Amino acid sequence: MAKPRPQETAEADMTPMIDMTFQLIAFFMVLINFTEADQNQAINLPSSELAKTPDFPPEGPVTLQVEKNGYVIFGVNTAKAPDLKDLEGMLKTEFTQRKLMGKDPKMSTIIIRGDKNAKTGRIQEVVGIAQEVGYEKFILRAKEVAK
Amino acid sequence: MARKTRDNEKLNINMTPMIDIVFQLLIFFVMSFKIVTPEGDFSVKMPMAPAEGKMSEDSTPPLPPIAIRLNSSTTGQLLEVQAGNQNFGRGEAGLAKLQKFILQQVAPKGGPPNPEVAREQEVELTCDYRLKYEYVIKCISYVTGYRDKNTGEVVRIAEKIKFAAPVGN
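Shown next as structure tokens:
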């Protein structure tokens, strides 16, 4: 009968795997974008060939997302403002908070992300309320299409 | 005296904790990765209208705004595009005709409009309340500029966009 061989330890070379893993981590770290967290994917933006990615990020942005059914989502919160009075209250609070923090709220930019099937009148109402509160700079956001 | 290093001694570092952490990081980034389509902006400056008779000090006499009317069907489709006394028809064809009309206003001699004129030219949009928002963005795209076919550069026509109160409800 054959004698059993002394235990052999198999040592795999881990270097290529670790290299690949680090490359994957670097890839995801570069591409990850936490600032876009306020993009509600349920909103189907209208597309435009001329909408341009801003050279600089807007100053003190406040995002208002208008859903197809007219509900407004304020900023990164999922709190919806079904009533425009609620939205006015939220915008006023934000305006006052910015003032207390020593920032000029008039320099803040309101980003409107409206669903392409939303009613124009509803979006104009939202803009009107922001104007009444005191905001002056607005950005209408659209999906960029290939040139 | 310095300790002598022994020859042929293999130093074994335990890689397991590092690989564990690396995989956890990898999983974190994979899970929080979100494919987002690129988004572009149209900047619109809309201050509240000054009270009657009150003009800001640095205000210069503006170019006359071009009034555009967008009529919609009951379902929110773009039914009619009007500017001045002209009716340009419906849908994208109407918007393309509107663009030609505005180009004639801004650059009557033909060719691309003067960038300074384009910067100052104001367009006022009056839309039906129920008009789908996508048509407004399309209209803004047609009105603010076009892409030159030869160079691929964007040529601006009118950069100031203003909204009038919506019509109907």
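So the sequences go chain by chain: A and B.
For the first sequence, our numbering begins at 139 and goes up steadily by one.
For the second sequence, our numbering begins at 9 and goes up steadily by one.
The C-beta atom is built at its ideal place from N, Cα and C for all residues, glycine as well.
Since this is a predicted model, take the numbers as computed values, not measurements.
Margin query: By the three-class DSSP mapping on this structure, what secondary structure does B/I43 have?
Written below: Here the question's residue 43 of chain B lines up with position 35 in the second sequence. DSSP places B/I43 in coil when its eight states are reduced to three.
Check: Terminal residues of the continuous beta strand (DSSP E) containing A/A280?
Finding: For the purposes of this step, residue 280 of chain A is identified with residue 142 of the first sequence, where counting begins at 1. 275-282 is the span of the beta strand (DSSP E), which, as asked, contains A/A280.
Next item on the list: Show which residues of chain B have a CB atom less than 8 Å away from the CB atom of A/A256.
Entry: Position 118 of the first sequence holds residue 256 of chain A. The contacting residues are K140, Y141.
Check: In whole angstroms, what separates the C-alpha of A/M239 from that of A/L162?
Finding: Against the first sequence, residue 239 of chain A aligns to sequence position 101. Against the first sequence, residue 162 of chain A aligns to sequence position 24. Computed Cα separation, rounded: 40 Å.
Item checked: Neighbouring residues, chain A, relative to B/L33 (Cβ below 7 Å) -> Along the second sequence, one-based indexing puts residue 33 of chain B at 25. Result: I163.
Next item on the list: Starting from the Cα of B/G153, find the closest Cα among B/F31, B/R98, B/P174, B/F50 and give me that residue.
Entry: In the second sequence, residue 153 of chain B corresponds to position 145, counting from 1. Measuring from the Cα of B/G153, the nearest candidate turns out to be B/F50.
Note to self: Taking 7 Å as the threshold (C-beta atoms), are A/I249 and A/R279 in contact?
What the structure shows: Here the question's residue 279 of chain A lines up with position 141 in the first sequence. Here the question's residue 249 of chain A lines up with position 111 in the first sequence. Yes, the pair counts as a contact, with Cβ atoms nearer than the cut-off.
Margin query: Could you pull the DSSP bridge partners for B/R138 from this structure?
Written below: Taking the first residue of the second sequence as 1, we reach residue 138 of chain B at position 130. None; B/R138 has no bridge partner.
Check: Quick one: what's got a C-beta closer than 8 Å to B/P120's C-beta in the same chain, skipping five residues either side?
Finding: Walking along the second sequence from the start, residue 120 of chain B turns up at place 112. Counting only Cβ-Cβ distances below 8 Å, and skipping sequence neighbours, we find D156, V163.
Notebook entry, point to check: Between which two residues does the beta strand (DSSP E) containing A/G266 stretch?
Noted result: The residue labelled residue 266 of chain A in the question sits at position 128 within the first sequence. It is not in any beta strand (DSSP E) - A/G266 instead sits in the alpha helix (DSSP H) that spans 258-271.
Check: A/G252 and B/Y141: beta carbons closer than 7 Å?
Finding: Stepping through the first sequence from its first residue, residue 252 of chain A is reached at position 114. Stepping through the second sequence from its first residue, residue 141 of chain B is reached at position 133. Yes, Cβ-Cβ distance for A/G252 and B/Y141 is below 7 Å.
Check: Taking the C-alpha atoms as reference points, what is the distance between A/I211 and A/V264?
Finding: Here residue 211 of chain A is taken as the residue at index 73 of the first sequence, counted from 1. Here residue 264 of chain A is taken as the residue at index 126 of the first sequence, counted from 1. Whole-angstrom Cα-Cα distance: 11 Å.
Note to self: Counting only beta-carbon separations shorter than 7 Å, does A/T147 have a partner in chain B?
What the structure shows: Position 9 of the first sequence, counting from 1, holds the residue named residue 147 of chain A. No, its Cβ sits nowhere closer than 7 Å to a Cβ of chain B.
Checklist line | C-beta neighbour in chain A for B/P25, strict 7 Å | finding: Position 17 of the second sequence holds residue 25 of chain B. No, its Cβ sits nowhere closer than 7 Å to a Cβ of chain A.
Check: According to DSSP, what are the bridge partners of A/Q203?
Finding: Locating residue 203 of chain A in the first sequence gives position 65, where the first residue counts as 1. A/I211, A/R251.
Note to self: So for A/A150, helix, strand or coil by DSSP?
What the structure shows: Along the first sequence, read from residue 1 onward, the residue named residue 150 of chain A stands at position 12. Coil at A/A150, not helix or strand.
Check: Where do the N-terminal and C-terminal ends of the alpha helix (DSSP H) with B/A166 fall, by residue?
Finding: In the second sequence, the residue the question calls residue 166 of chain B occupies position 158. Careful: B/A166 lies outside any alpha helix (DSSP H) and carries neither H nor E.
Notebook entry, point to check: If we count the other Cβ atoms within 10 Å of its Cβ and call it buried at 16 or more, is B/L171 buried or exposed?
Noted result: Residue numbering aside, residue 171 of chain B sits at position 163 when the second sequence is read from its first letter. A small correction: the amino acid at residue 171 of chain B is Phe; Leu does not occupy that position in the sequence shown. The residue is buried, with at least 16 neighbouring Cβ atoms inside 10 Å.
Checklist line | Any 3 or more C-beta pairs closer than 8 Å across the stretch 124-133 of chain B and the stretch 74-90 of chain B | finding: yes
Notebook entry, point to check: alpha helix (DSSP H) containing B/E128: first to last residue?
Noted result: Counting from 1 along the second sequence, the entry for residue 128 of chain B is found at position 120. Where B/E128 is concerned, the enclosing alpha helix (DSSP H) stretches over 123-128.
Checklist line | Delimiting residues of the beta strand (DSSP E) encompassing B/L86 | finding: Within the second sequence, numbered from 1, the residue matching residue 86 of chain B stands at position 78. That run of the beta strand (DSSP E) goes 86-91.
Check: What whole-angstrom Cβ distance do A/G208 and A/A256 have, given they're in contact under 8 Å?
Finding: Your numbering for residue 208 of chain A matches position 70 in the first sequence. Your numbering for residue 256 of chain A matches position 118 in the first sequence. Going by Cβ atoms, the distance from A/G208 to A/A256 rounds to 7 Å, so yes, they are a contact pair.
Notebook entry, point to check: Quick check: the stretch 227-243 of chain A against the stretch 97-111 of chain B, are there 3 or more CB pairs under 8 Å?
Noted result: no
Notebook entry, point to check: Quick one: what does DSSP say B/K108 is sitting in, helix, strand or coil?
Noted result: Against the second sequence, residue 108 of chain B aligns to sequence position 100. Reduced to three states, the DSSP call for B/K108 is helix.
Next item on the list: Assuming A/K281 and A/L169 form a contact by the criterion Cβ under 8 Å, report the distance between their Cβ atoms to the nearest whole angstrom.
Entry: Here residue 281 of chain A refers to the residue found at position 143 when the first sequence is read from its first residue. Here residue 169 of chain A refers to the residue found at position 31 when the first sequence is read from its first residue. Incorrect: roughly 19 Å between the Cβ atoms, too far for contact.
Check: Alpha carbon to alpha carbon, how far is B/Q85 from A/V200?
Finding: In the second sequence, the residue the question calls residue 85 of chain B occupies position 77. In the first sequence, the residue the question calls residue 200 of chain A occupies position 62. Using only the alpha carbons, I get a separation of about 30 Å.
Notebook entry, point to check: Rounded to the nearest angstrom, how far is the Cβ of A/I267 from that of A/E226, given a contact under 8 Å?
Noted result: As a first step, residue 267 of chain A must be located in the first sequence, where it is residue number 129. As a first step, residue 226 of chain A must be located in the first sequence, where it is residue number 88. The pair is a contact, with the Cβ atoms about 5 Å apart (cut-off 8 Å).
Margin query: Can you tell me whether B/G153 is helix, strand or coil according to DSSP?
Written below: One-based indexing of the second sequence puts residue 153 of chain B at position 145. The answer is strand: DSSP assigns B/G153 an E or B state.
Item checked: Contacts that B/V38 makes with chain A (C-beta to C-beta distance below 7 Å) -> Taking the second sequence and counting its residues from 1, the one referred to as residue 38 of chain B is at position 30. Simply F166.
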